[in-house]
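Residues 1 to 765 in the UniProt record's numbering are what the sequence shown spells out, letter by letter. The beta-carbon is built from N, C-alpha and C at its ideal position, and this holds for glycine as well. Beneath this line is the structure, given in structure tokens, with notes to follow.
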Amino acid sequence: MDPLDNDDGTKNYLAQLIEKPVPLEQYAAVKVVILYWENSDRLDDYVEEAGKVDSFFKGLNFETELYPIPKSNSQVEVRWFITKQQVLLTRRMSILGAPCLLIVHYGGHGDKDDDIHYTGSGGPQRRRAVWRAHRKGEPSVRWYEIQQLFLDIKFDVVLLFDCCYAAQAGRSAGEETLDEPPGCVELLAAAGDKAETPHPGDGSFTVTMIRIMDKYMKTNNNIEISTLHTLLVHRNAGLSTIPFHVYIRAGPSKRSVVLKKLKAPGEQEDSTVAWRAAVGVTIGMREPLTQAILDEIGRWLHAEAPRAFVAGFKVERVLRRTADISGFIKDSLPERSGAVAQSLKISVLEQIGDAWSSLQQLVTRYTTQRNVPGFTDQEDRMAQLAGEFVKRLDAGNTEITQILQKAVMMSDASLNPTMIDKALEDPASESLGMTSQLILRRIICCQQRPELGEKATVTSSTVLLAPDRLIEEYKKYDEHRSPEEITEMKARIGLLADVLGAQKPESFRCLQLHEWKHEKYSRRFVYHFRIPDNYKKKPITLYDAITTLDRHSRPTLEERLTMAHHIAKAVEQWHRVDWVHQSISSHNIIFLKPESGNSNNRWDFDAPLLHGFDFARPNAKPSIGRYVEDIELNIYRHPDRQGEVRNGHKKEHDLYSLGVVLLEIGLWRSSCEMVEQRARSLQKARKSAATKDEASKVAKDDMVEWLVDAVRDSLAHYVGSDYQDAVRTCLTSEFGVKIDDERKSRLLDAMGKMVLQKLEWWPII
């Protein structure tokens with residue numbers, strides 16, 4: 001049976017099956033304000049470009065307003081104008097009872113505001129951009145001050161900035177309020193902090209953006225801002241600078257803003273009641289959508305959906321995703337068309353076939369259970385079964401996309417920036433959810449620069465708090481460093497910041513870097529990481545959780561198993577993009593506590609976060625400039641990484657460190673305590689006094705032996721034999737790989753089978 005297309009007929013058919021309407025537009029109202037200077041150089045060009053922006057958004061039935069920035073009292077006037085727009089849109093959102101969107105476009109000059117760069121008690125400050133009517137001098141607007149008006153907004157905002165140093169103008173939208181979740185604030189800028197953009201006209205950021213949006217929406221009917229950014233960074237876009245995209249504030253939806261044409265006046269239905277009751281449901285599919293499967297989904301939703309779902313089912317997203325996967329399999333794979341399909345090996349196609357087979361078995365098992373006589377009368381059991389069925393479908397959908405993502409990330413498609421660009425140009429990279437990984441891989445590829453030296457400094461990661469919903473991490477260096485070494489360290493810190501600041505899938509398990517700075521007088525670099533919405537400020541490390549929490553606050557067995565798998569999966573994800581952590585330990589894994597919704601006030605043990613990344617470049621020689629004999633550090637270091645003479649850090653070394661952490665999670669005991677106890681026992685057997693300092697002087701071979709003994713003697717009892725096997729493999733590096741390529745693809749495949757699969761667990765239903 002042929003797969004169905006993701007068209008209106010399919011959606012309407014499913015809606016009729018469950019006797020509920022297709023959902024309305026995402027936004028009930030969209031306001032676009034287009035700013036340019038009333039008196040500037042190249043005024044005619046900027047006015048013409050503003051008119052093109054106005055015309056395009058009017059074509060989407062968005063309300064638009066052109067605003068020439070006055071040359072007198074510019075700061076006050078722009079501030080008042082933005083305030084007025086916010087007030088009006090907030091009122092409209094309250095009346096409609098539906099989401100609204102504000103788009104701010106600015107075309108003109110930008111500058112770095114160098115006058116304030118070296119002020120402030122904390123040393124050099126981040127340059128914050130200003131808007132200027134001319135390349136230099138007045139009049140000007142300090143947008144970074146005006147942007148604080150977005151502190152308490154409830155609607156979404158998209159900032160489109162076409163100016164030099166554009167990214168500097170959109171750094172912070174203020175601190176979130178606790179009583180009402182703020183809207184999303186998303187920035188798409190013509191260039192990064194240090195780049196200058198071309199003049200208005202053909203080839204400008206604005207003209208190119210309009211052209212790409214218009215072409216894409218004619219085929220797809222809508223476009224996400226993140227997708228627009230991906231299209232703009234492609235070589236085919238022809239831009240001379242690389243556009244910059246960031247979620248200044250993710251908002252409750254945690255996703256990119258979607259632009260879609262609104263219905264014209266008179267076509268709108270009264271959406272007040274519908275929007276207040278709307279519930280979105282996503283159903284993950286792992287095979288092409290056929291008429292028979294569509295009928296089955298319709299019958300299931302109609303018969304077993306909870307009674308509270310009275311307003312409608314949002315099926316568009318899952319149908320679109322299913323159609324994307326179906327289209328890739330049907331159109332791209334047979335002819336191997338596109339960079340993504342060309343990169344896949346036969347073994348990957350076999351894995352996809354196995355995944356589809358598993359899905360068919362799942363559907364058969366669910367149907368059989370549901371058809372047992374009398375089972376339909378057990379409402380609670382039916383609801384439980386349906387819920388688990390959807391979870392398994394979603395997990396299966398994730399499985400098949402991960403198979404494809406892993407294959408592409410270790411193939412020639414991600415070998416160098418040129419090949420990555422070709423993969424990004426393939427629409428399949430977006431539809432299969434691998435765009436962010438490819439962009440991250442491109443950043444890492446570009447960092448393999450020979451001009452950077454081989455030495456770095458000691459990294460001391462301390463989790464402290466900043467007042468602005470930020471966690472600070474310090475990278476310290478000693479007073480004996482030369483100016484050349486400090487310059488080199490600064491370059492490395494900046495490279496790591498590029499990696500940590502890039503958008504990443506949740507499976508990478510790390511906080512989003514907000515900014516960093518160099519505090520010269522304190523001899524340290526500071527990373528500022530943003531705390532996710534709805535979490536409290538103060539984190540706890542895994543080490544502190546193990547050594548300080550009482551039994552009522554400790555994680556359950558299920559939480560520990562989930563925690564272990566998430567951490568191992570995150571390490572594997574980082575290795576797939578060719579980045580090594582270099583400092584994995586229980587001190588560098590943190591947890592946050594939810595603001596609300598957790599009656600037991602527990603830490604979110606299901607969401608571990610990797611922290612304290614070292615800042616040598618990937619696969620470089622020793623990342624720590626001066627070796628320190630410290631048992632708490634050595635326990636997590638591979639034997640080849642201990643001592644004065646050390647080899648460069650490899651992926652195997654990360655996996656050894658991972659094994660130590662997994663052992664700690666399994667036994668819920670500090671590895672330092674385990675080793676020190678064995679050392680004291682050894683000293684006692686030799687009939688000599690064993691001080692703590694003496695116990696700390698442990699031969700590296702003894703340390704590995706003692707940890708492996710702990711795995712053999714105790715681990716299976718606490719967490720099972722599969723978990724035991726996974727930890728033993730990490731500690732002994734017995735992955736069975738003798739010959740491998742430069743990126744260790746065979747090692748990572750073995751890690752997936754011998755560690756990740758062993759750590760997976762399914763609750764019995």
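{"query": "Bounding residues of the alpha helix (DSSP H) (the contiguous stretch that carries K215)", "result": "F205 to N220"}
{"query": "Residue range of the unbroken beta strand (DSSP E) whose run includes P68", "result": "E63 to I69"}
{"query": "Residues bridged to V30 (per DSSP)", "result": "L101"}
{"query": "Sub-8 Å separation of V258 and C184 beta-carbons", "result": "no"}
{"query": "Where S140 sits in the DSSP three-state scheme", "result": "strand"}
{"query": "Close Cβ partners of H234 (< 8 Å) along its chain, the five nearest in sequence each way excluded", "result": "D421, L424 and E425"}
{"query": "Exposure label - A277; buried when at least 16 CB within 10 Å", "result": "Per-residue confidence for A277 stands at a pLDDT of 41, beneath the threshold of 50, marking its modelled position as unreliable; the derived number appears in the next sentence. By the 10 Å Cβ count, A277 comes out exposed."}
{"query": "Reduced DSSP secondary structure (H/G/I, E/B, other) of I589", "result": "strand"}
{"query": "Bridge partner(s) assigned by DSSP for T541", "result": "I590"}
{"query": "According to DSSP, residues forming a beta bridge with R132", "result": "H109 and S140"}
{"query": "Beta carbon of residue 773 nearer than 8 Å to that of V661", "result": "In this structure the chain extends from 1 to 765, so residue 773 is not present and cannot be described."}
{"query": "Short Cβ contact (8 Å threshold) for D354 with S431", "result": "no"}
{"query": "Inter-residue spacing [alpha-carbon to alpha-carbon] between N221 and K261", "result": "7 Å"}
{"query": "Any 3 or more C-beta pairs closer than 8 Å across the segment 501–514 and the segment 558–573", "result": "yes"}
{"query": "H245 (DSSP reduced to helix, strand or coil)", "result": "strand"}
{"query": "Inter-residue spacing [alpha-carbon to alpha-carbon] between D702 and L759", "result": "27 Å"}
{"query": "Classification of R365 by the beta-carbon crowding that lies within 10 angstroms, buried from 16 upward", "result": "exposed"}
{"query": "Cβ-Cβ distance between R142 and V157 below 8 Å", "result": "no"}
{"query": "Buried versus exposed call for K650 [16 or more other C-beta atoms within 10 Å across all chains shown]", "result": "buried"}
{"query": "Per-residue DSSP class, three states only, for residue 769", "result": "In the structure displayed, the chain extends from 1 to 765; residue 769 sits before or after that span and is not available."}
{"query": "Cα-Cα separation, E145 to R91", "result": "24 Å"}
{"query": "Nearest neighbour of I103, chosen from V78, C730, W37 and T64 [CA to CA]", "result": "T64"}
{"query": "Beta-carbon proximity check, V526 vs Y474, cutoff 8 Å", "result": "yes"}
{"query": "Closest Cα partner of T732 within the set I665, D654 and E673", "result": "D654"}
{"query": "Run of the alpha helix (DSSP H) containing H566, from where it starts to where it stops", "result": "L557 to R576"}
{"query": "Extent of the continuous beta strand (DSSP E) to which A264 belongs", "result": "Note, A264: premise wrong, no beta strand (DSSP E); not H, not E."}
{"query": "Status (buried if at least 16 other CB within 10 Å, exposed otherwise) for I590", "result": "buried"}
{"query": "Within 8 Å, strictly: CB atoms of L228 and L188", "result": "yes"}
{"query": "Straight-line Cα distance separating L658 from C730", "result": "7 Å"}
{"query": "Closer than 7 Å: G752 CB and nearest the ligand COA heavy atom", "result": "In terms of ligand content, the structure shown is empty, and the ligand COA therefore cannot be addressed."}
{"query": "Opposing strand residues paired with E196 [DSSP bridges]", "result": "Answer by DSSP bridge pairing: none, since E196 is not bridged."}
{"query": "Through-space distance from P483 to T398, alpha-carbon basis", "result": "48 Å"}
{"query": "Nearest-angstrom Cα separation, counted from L495 out to L159", "result": "26 Å"}
{"query": "Residue closest to V53, alpha-carbon to alpha-carbon, out of A133, H134, I352 and F205", "result": "F205"}
{"query": "Within 8 Å, strictly: CB atoms of Y36 and G107", "result": "yes"}
{"query": "Environment of A264 [buried if 16+ CB atoms lie within 10 Å]", "result": "exposed"}
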